[in-house]
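**Student:** The structure under discussion is supplied below as structure tokens; questions concerning it will follow.
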Amino acid sequence: MDLSYRIINVFAAADVPFSGNALCAFPEAGNIDDELMQQLAQQVNLETVFVRETSDDGAQMRVFSPGGEGRFAGSASLGAAHVVNQILGNPRKELRLAAKTVDDVVVSPVGKDNWSIKATHAEVRHLQSTPQILASLVGLRLESIQGEVMVVDSGRSGIVLPVKTVEDVRKAHLDARMLHSYAMLLNTEPQVYVWADAGEDQIESRMFYGPQGGVVEVAATGSGAANLGHWMAENGRFGHRRIHQGAAVGRPSYLDLVVEENGDVFVGGHVHEIASGTFTV
């Protein structure tokens, strides 16, 4: 059996082939069983989207990571919308994507090759902690911590931690043991989103999370940007901002964040297809 696939970068720059979050998509996956979908995701070692069935307004999907079936995250949603749009003949319209493990997701086109998704409503908790602990958590000086630190959950919970300067973002580093201990104490996922204003509606950020007791930095994260958007709404900061993320791991990424005055949050970015091929299985 021959199965076509595509490699797509989400939250990418159009002129940088190795930017954004890499995603694999199988556009004709209606007859693939669960075992094979899992094996294919493990083979490519990427988050992988399988298009099971299309209709005029969207598609039925399955999403697998190398570790198992997952939910629609920001990268998977935007990358899937790009693929489904091509299957439907490039109508560039709002698409409804359905997956087995989550509620339907609506993805909207923005410009030529960008897509945007509305973030789910969030639970926001003001974090009661000393600046000394927060500074130790991210390996920075006490004076680097600036602004309200919150735990935000818009589908994936985490700490949103503003720091004083872009240089502070770049210097941040986390100890795995402290991250997991702190997450347990706060009853949140071991995830910290460190960010700073970079001027002219630009933001520089880094996202750290803790799989299997460790700590990993990711190039771009829609959930982290969504949590930041809810932080912005909670603090009365509305409008459009461009987030720069991923430089520290060699994958520069760019996310568009829109926070409306009614509290709605939208996260989007550019989708860039860089490769295609065929699996023979």
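Read left to right, the sequence shown gives residues 1 to 281 (the UniProt record's numbering). From the three backbone atoms N, C-alpha and C, an ideal C-beta is built for every residue, glycine too.
1. Suppose the cutoff is 8 Å on Cβ atoms and the five residues either side in sequence are ignored; what does the same chain contact list for glutamate 143 look like?
2. Just grab the DSSP bridge partners of histidine 270 for me.
3. Leucine 105: which of Pro91, Thr120 and Gly111 sits nearest, CA to CA?
4. In whole angstroms, what separates the C-alpha of alanine 73 from that of valine 267?
5. So, are the CB atoms of arginine 177 and tyrosine 193 less than 9 Å apart?
6. Starting from the C-beta of glutamine 259, find all residues in its chain whose C-beta is less than 6 Å away, skip the five residues before and the five after it, and write them out in chain order.
7. Please tell me whether tryptophan 115 and proline 162 are closer than 9 Å, where the distance is taken between their beta carbons.
8. Using a Cβ-Cβ cutoff of less than 7 Å, which residues in the same chain neighbour threonine 280 once the five nearest sequence positions on both sides are dropped?
9. Let me check understanding here. Comparing Cα to Cα, which of Leu127, Ile133 and Gly250 lies closest to arginine 170?
10. Could you tell me which residues DSSP pairs with isoleucine 8 in its beta bridges?
11. Compare the Cα-Cα distances from threonine 48 to each of Glu35, Asp56 and Val63 and report the closest residue.
12. Is glutamine 38 helix, strand or coil when you go by DSSP?
13. Is serine 55 closer than 9 Å to phenylalanine 26 when the C-beta atoms are compared?
14. Mind checking whether serine 77 and leucine 46 have CB atoms under 9 Å apart?
15. Taking only the alpha-carbon atoms, compute the straight-line gap between histidine 82 and histidine 240 and give it to the nearest angstrom.
16. Starting from arginine 198 and walking both ways along the beta strand (DSSP E), at which residues does that stretch end?
17. Inspect the beta-carbon positions of valine 51 and isoleucine 87 and report whether they are closer than 9 Å.
18. Counting along the chain, where does the alpha helix (DSSP H) carrying proline 211 start and finish?
19. Along the beta strand (DSSP E) that carries glutamate 217, what are the first and last residues, could you check?
20. May I ask you to report which of helix, strand or coil DSSP gives histidine 121?
**Tutor:** Per the coordinate set shown:
1. Sequence-distant Cβ neighbours of glutamate 143 in its own chain, meaning closer than 8 Å and more than five residues away, are Lys164.
2. Secondary-structure assignment with DSSP links histidine 270 through a beta bridge to Asn114.
3. Sequence inspection shows valine at residue 105; the leucine mentioned does not correspond to that position. Of all alpha-carbon atoms in Pro91, Thr120 and Gly111, the one lying nearest the alpha-carbon of valine 105 is that of Thr120.
4. Taking the straight line joining both Cα atoms gives about 11 Å.
5. Not a contact, by the Cβ cut-off of 9 Å.
6. With the sequence shown as reference, residue 259 is identified as valine, and glutamine is not the correct amino acid for it. Here the set comprises Gly229, Met232, Ala233, Phe238 and Val265.
7. Taking 9 Å as the cut-off, the Cβ atoms of tryptophan 115 and proline 162 do not count as close.
8. Closer than 7 Å at Cβ, skipping near neighbours: Asp2.
9. With distances taken between CA atoms, arginine 170 lies nearest to Gly250 out of Leu127, Ile133 and Gly250.
10. Looking at the DSSP assignment, isoleucine 8 forms a beta bridge with Leu23 and Glu273.
11. Among Glu35, Asp56 and Val63, the Cα nearest to that of threonine 48 belongs to Val63.
12. Correct three-state label for glutamine 38: helix.
13. Not closer than 9 Å, so no.
14. Their beta carbons are not under 9 Å apart, which means serine 77 does not touch leucine 46 by this criterion.
15. Approximately 22 Å, taken between the alpha carbons.
16. Inspection of the sequence shows that residue 198 is occupied by alanine rather than by arginine. Counting along the chain, the beta strand (DSSP E) containing alanine 198 begins and ends at 191 to 199.
17. A contact, by the Cβ cut-off of 9 Å.
18. Where proline 211 is concerned, there is no enclosing alpha helix (DSSP H), given that its DSSP letter is neither H nor E.
19. Glutamate 217 -> beta strand (DSSP E) spans 216 to 218.
20. For histidine 121, the secondary structure class from DSSP, reduced to helix, strand or coil, is coil.
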